[in-house]
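J.: Here it is: the structure, laid out below.
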Amino acid sequence: MWDVVGLSLVALLVIYLTYWINQWRNPKCNGVLPPGSMGLPLIGETLSLLTPSYSLDLHPFLKKRLQRYGPIFRTSLVGKPVLVSADPEFNKYVIQQEGRMVELWYLDTFSKIFVLEGESGLNKIGVIHKYLRSIFLNHFGTECIKEKLLPQIEETINKHLCAWSRQDSVEVKNASSVMVLNFSAQHMIGYDAKTAPENLGEGYHRVTQGFMSFPLNVPGTAYHNCLKVHEKLTTMLRNMIRERRKSPEKRRGDFLDQVIIDIDQEKFLSEDSCVHLIFGGLFATFDAISTVLTLFFSLLADHPVVLQELTAEHEALLKNRENPNSALTWDEYKSMTFTLQVINETLRLSNSIPGLFRRALKDIPVNGYTIPAGWTILLVTPALHLTSDTFKDHLEFNPWRWKDLDSLVISKNFMPFGGGLRQCAGAEYTRAFLSTFLHVLVTKYRWTTVKGARISRSPMLAFGDGAHIKFSEKKNN
Numbered sequence: 001m002w003d004v005v006g007l008s009l010v011a012l013l014v015i016y017l018t019y020w021i022n023q024w025r026n027p028k029c030n031g032v033l034p035p036g037s038m039g040l041p042l043i044g045e046t047l048s049l050l051t052p053s054y055s056l057d058l059h060p061f062l063k064k065r066l067q068r069y070g071p072i073f074r075t076s077l078v079g080k081p082v083l084v085s086a087d088p089e090f091n092k093y094v095i096q097q098e099g100r101m102v103e104l105w106y107l108d109t110f111s112k113i114f115v116l117e118g119e120s121g122l123n124k125i126g127v128i129h130k131y132l133r134s135i136f137l138n139h140f141g142t143e144c145i146k147e148k149l150l151p152q153i154e155e156t157i158n159k160h161l162c163a164w165s166r167q168d169s170v171e172v173k174n175a176s177s178v179m180v181l182n183f184s185a186q187h188m189i190g191y192d193a194k195t196a197p198e199n200l201g202e203g204y205h206r207v208t209q210g211f212m213s214f215p216l217n218v219p220g221t222a223y224h225n226c227l228k229v230h231e232k233l234t235t236m237l238r239n240m241i242r243e244r245r246k247s248p249e250k251r252r253g254d255f256l257d258q259v260i261i262d263i264d265q266e267k268f269l270s271e272d273s274c275v276h277l278i279f280g281g282l283f284a285t286f287d288a289i290s291t292v293l294t295l296f297f298s299l300l301a302d303h304p305v306v307l308q309e310l311t312a313e314h315e316a317l318l319k320n321r322e323n324p325n326s327a328l329t330w331d332e333y334k335s336m337t338f339t340l341q342v343i344n345e346t347l348r349l350s351n352s353i354p355g356l357f358r359r360a361l362k363d364i365p366v367n368g369y370t371i372p373a374g375w376t377i378l379l380v381t382p383a384l385h386l387t388s389d390t391f392k393d394h395l396e397f398n399p400w401r402w403k404d405l406d407s408l409v410i411s412k413n414f415m416p417f418g419g420g421l422r423q424c425a426g427a428e429y430t431r432a433f434l435s436t437f438l439h440v441l442v443t444k445y446r447w448t449t450v451k452g453a454r455i456s457r458s459p460m461l462a463f464g465d466g467a468h469i470k471f472s473e474k475k476n477n
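Numbering follows the UniProt record's numbering, in which position 42 of the sequence shown is assigned residue number 42; successive positions increment by one, without gaps.
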């Protein structure tokens with residue numbers, strides 16, 4: 001009898017698992033799902049996405065599926081159904097529909113690190129994002145850069161490059177990350193790396209390592225370590241907020257002071273939401289700028305003609321000054337035509353993130369298919385940047401291509417700073433920092449590669465053991 005019971009239980013389990021797997025592979029939909037595969041139960045196709053690819057080209061996970069299924073396909077990542085789109089028209093439509101048919105969304109790792117849900121979440125009705133954009137532009141936007149920040153950025157870069165030139169070699173990705181983060185944190189929250197209880201640079205580096213990892217919160221995993229470091233950093237930020245609130249005499253008119261004032265005036269702000277707002281704002285400056293700076297060295301080393309023209313543009317600025325040693329001016333910055341082309345081309349090739357995430361609030365029809373409500377939508381902006389349909393010989397580093405590209409084509413196919421309501425408020429800050437770095441670098445320093453970076457995507461851009469560079473001051477300076 002027990003044999004019969006045992007066999008019956010096994011049979012029921014097999015039937016249940018078969019039904020469950022079938023439901024996983026064929027999700028419910030009020031229409032026709034886009035082509036694609038949901039992969040293995042629970043993990044989906046996550047492991048394929050996390051497999052490193054040693055090229056600047058589009059990650060094979062995306063490239064193979066786009067070739068097989070077309071510009072729109074379905075998959076599953078970290079247990080979530082995902083619609084992936086490399087269709088320029090649909091991507092533009094989705095960006096325009098935020099707040100109506102879609103909302104900002106991230107996969108589990110991002111959501112938990114940046115606390116995008118819940119009472120203190122940064123995702124609620126877009127109000128926090130509008131506030132963050134407004135306050136960030138007040139302190140890091142065009143007018144602030146023009147009136148105050150540009151000479152301070154140049155001073156910081158001068159200081160760091162001078163220090164780097166006294167070392168045998170410098171790992172540029174880590175060093176530039178710390179340089180940018182410390183500068184941004186000083187102006188946002190009055191952070192002083194010498195006296196702070198936590199090392200922001202080291203902390204954010206460890207948080208970055210946990211990104212795009214499988215969200216398995218078990219000791220020893222990258223995700224677990226990421227959450228532990230996140231807890232330490234947010235505790236430090238929370239203590240800084242409380243200290244400033246208790247001691248008005250320590251206020252300095254910075255980003256943090258504005259947030260503290262607004263906590264008492266804006267109902268949607270709380271201490272917790274401000275902590276996560278500041279954490280996210282600092283992270284935005286930490287990785288993106290340093291990634292492009294590091295890629296500069298690899299690309300310029302392989303393209304000496306680009307470096308030659310870049311140097312000529314900046315040396316011409318010095319020759320036109322009454323005092324060659326005077327600080328960089330706003331007019332000089334805005335006149336750097338070729339420099340901007342170099343930056344755009346490097347941004348196009350870098351694609352430091354896999355794309356833009358949104359979530360469908362209702363069923364969305366597209367090209368005869370239906371995206372079910374609740375699904376995550378991944379707009380693969382790198383696929384737009386890395387196609388020869390728009391950018392001829394798309395893997396070639398060719399800054400001159402930007403002279404002839406139509407502005408409408410650029411608006412649809414070049415989105416390094418996102419788009420729509422969520423376009424990055426730090427776009428001008430990023431360009432100013434990159435332009436100023438190149439200005440100081442090519443006019444005052446020479447450099448040689450001690451150990452080149454091993455570039456990879458998994459799918460975020462990484463540099464292996466880093467780019468190790470030896471700097472030396474030019475003798476005529």
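Glycine is no exception: its CB is placed at the ideal position from the N, C-alpha and C atoms.
None of the values given here were measured: they were computed from a predicted structure.
Going by DSSP in three states, Pro219 sits in which element: helix, strand or coil?
T.: Residue state, collapsed to three classes: coil.
J.: Return the bridge partner residues of Leu438 from the DSSP annotation.
T.: Its beta-bridge partners do not exist; DSSP assigns none.
J.: Can the beta-carbon of Arg206 be found less than 9 Å from the beta-carbon of Val229?
T.: Against a cut-off of 9 Å, the Cβ pair of Val229 and Arg206 comes out as a contact.
J.: Can you give me the C-alpha to C-alpha distance between Asn225 and Pro219, rounded to a whole angstrom?
T.: Between Asn225 and Pro219, the C-alpha separation is close to 7 Å.
J.: Do you know whose CA, among Leu149, Phe433 and Pro34, lies nearest Asp254's CA?
T.: Nearest of Leu149, Phe433 and Pro34 to Asp254, Cα basis: Leu149.
J.: Check the C-beta distance from Phe357 over to Ile128 and give it rounded, since I have them as a contact under 8 Å.
T.: Contact flag wrong, Cβ pair sits at about 16 Å.
J.: Under the three-state reduction of DSSP, which class applies to His276: helix, strand or coil?
T.: Of the three classes helix, strand and coil, the one that applies to His276 here is helix, per DSSP.
J.: What's the call for Asn239, buried or exposed, on a 16-neighbour Cβ count within 10 Å?
T.: Asn239 is exposed by the Cβ-count criterion.
J.: By the DSSP assignment, the alpha helix (DSSP H) with Leu349 in it spans what residues?
T.: Counting along the chain, the alpha helix (DSSP H) containing Leu349 begins and ends at Thr337 to Ser350.
J.: What three-state label does DSSP hand Phe357 in the structure shown?
T.: In the structure shown, Phe357 sits in a strand (DSSP, three-state: E or B).
J.: Starting from Ile43, follow the beta strand (DSSP E) in both directions and report where the run begins and ends.
T.: From DSSP, Ile43 is part of no beta strand (DSSP E); its letter is neither H nor E.
J.: Please confirm whether Pro459 and Pro365 have their CB atoms less than 9 Å apart.
T.: Going by C-beta atoms, Pro459 is not nearer than 9 Å to Pro365.
J.: Which residues mark the beginning and the end of the beta strand (DSSP E) in which Lys80 is found?
T.: Start and end: Lys80 to Ser85.
J.: Looking only at its own chain, which residues have a Cβ that is under 7 Å from the Cβ of Ser48, when we skip the five neighbours before and after it?
T.: Closer than 7 Å at the Cβ level, and outside the excluded window around Ser48, lie Phe61.
J.: Near Arg457, which residues of its chain fall below 6 Å by C-beta distance, leaving aside the five closest residues on each side in sequence?
T.: Result list for Arg457: Ser53 and His59, in chain order.
J.: Just to confirm my understanding: we take Arg431, look at its own chain, exclude 5 residues before and 5 after, and list those with CB closer than 8 Å. What are they?
T.: So the qualifying residues of the chain are Leu340 and Ile343.
J.: List the endpoints of the continuous beta strand (DSSP E) containing Phe369.
T.: The sequence as given places Tyr at residue 369; Phe does not occur at that position. Where Tyr369 is concerned, the enclosing beta strand (DSSP E) stretches over Tyr369 to Ile371.
J.: Name the residue from Lys130, Thr448 and Lys194 whose alpha carbon lies nearest to the alpha carbon of Trp164.
T.: Of the candidates Lys130, Thr448 and Lys194, the one whose C-alpha sits nearest the C-alpha of Trp164 is Thr448.
J.: Output the distance between the C-alpha atoms of Ala175 and Trp402, rounded to the nearest integer angstrom.
T.: Roughly 30 Å between the two C-alpha positions.
J.: With distance defined between alpha-carbon atoms, name the residue in Thr390, Phe397, Met101 and Leu33 nearest to Pro304.
T.: Residue Phe397 is the option with its Cα nearest to Pro304.
J.: Please report the distance separating the alpha-carbon of Val275 from that of Met236.
T.: Val275 and Met236: Cα-Cα distance of roughly 9 Å.
J.: Assign Val380 to one of three DSSP states: helix, strand, or coil.
T.: Residue state, collapsed to three classes: coil.
J.: My assumption, with CB atoms under 8 Å, is that His468 sits in contact with Val450. Please give the rounded CB distance.
T.: Indeed they touch by this definition, with Cβ atoms about 4 Å apart.
J.: Report back the beta-carbon spacing between Ser352 and Leu200 to the nearest angstrom; my notes put them in contact at under 8 Å.
T.: Not a contact, Cβ separation roughly 19 Å.
J.: Opposite Phe73 in the DSSP bridges: which residues?
T.: Beta-bridge pairing links Phe73 to Val84.
J.: Distance check for Thr156 and Thr311, CA to CA, integer angstroms please.
T.: So the alpha carbons of these two residues sit roughly 20 Å apart.
J.: Going by C-alpha to C-alpha distance, which of Val440, Arg242, Lys80 and Leu386 sits closest to Pro324?
T.: Considering only alpha carbons, the answer is Val440.
J.: Ignoring anything shorter than 4 residues, give me the alpha helix (DSSP H) runs that lie fully in the stretch 159 to 241, in order along the chain.
T.: You should have 172 to 189 and 200 to 210.
J.: For Val84 versus Ile95, is the C-beta spacing smaller than 9 Å?
T.: No, these two residues do not count as a Cβ contact at 9 Å.
J.: Report the option in Val292, Phe183, Leu384 and Val180 whose CA atom is closest to the CA atom of Asp87.
T.: If we check each option's Cα against that of Asp87, Leu384 comes out closest.
J.: From Lys474 to Cys162, what does the alpha carbon distance come to, in whole angstroms?
T.: Near 11 Å, if we compare the C-alpha coordinates of Cys162 and Lys474.
J.: Considering Phe255, what are the terminal residues of the alpha helix (DSSP H) in which it resides?
T.: Element bounds for Phe255: Phe255 to Ile263.
J.: Are the beta-carbon atoms of Leu434 and Ile289 separated by less than 9 Å?
T.: Cβ atoms of Leu434 and Ile289: closer than 9 Å.
J.: Can the beta-carbon of Thr436 be found less than 9 Å from the beta-carbon of Ile43?
T.: The answer is no: Cβ separation not under 9 Å.
J.: Assuming His314 is part of the alpha helix (DSSP H), what are its boundary residues?
T.: Note, His314: alpha helix (DSSP H), Pro304 to Lys319.
J.: Are Leu233 and Tyr223 touching if we call contact CB-CB under 9 Å?
T.: Cβ atoms of Leu233 and Tyr223: not closer than 9 Å.
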